[in-house]
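Asker:
Residue numbers (our numbering): 189 to 260.
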């Protein structure tokens with residue numbers, strides 16, 4: 189079932205709803221590091237070594253982990 193809308197991202201739809209219903213809207217600010225900087229470190233390590241480095245806080249977590257409030 190479709191509502192006649194074109195497909196859009198969740199972020200775009202949330203922004204539309206926020207504009208229409210500001211009293212029901214909330215805002216979240218995230219702080220994260222550039223994933224490309226982390227990727228260069230990842231090229232130097234094997235997969236398991238990289239995951240251990242994330243766990244040991246030797247490299248920053250990926251942005252999705254920050255968004256979802258994941259812990260190692």
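Every residue gets a Cβ at the ideal spot worked out from N, C-alpha and C, and that includes glycine.
#1: Is the region 216-228 close to the region 239-254, with three or more CB pairs under 8 Å?
#2: DSSP on residue 153, reduced to helix/strand/coil?
#3: Here's a check: name, in chain order, each residue in its chain whose Cβ is nearer than 6 Å to the Cβ of residue 229, leaving out the five neighbours to either side.
#4: Beta carbon of residue 255, beta carbon of residue 205: below 9 Å?
Answerer: Here's the rundown:
#1: yes
#2: Residue coverage of the chain in this structure runs from 189 to 260, which leaves residue 153 outside it and unanswerable.
#3: Position 41 of the chain shown holds residue 229. The answer, listed in chain order, is 247.
#4: Locating residue 255 in the chain shown gives position 67, where the first residue counts as 1. Locating residue 205 in the chain shown gives position 17, where the first residue counts as 1. Not a contact, by the Cβ cut-off of 9 Å.
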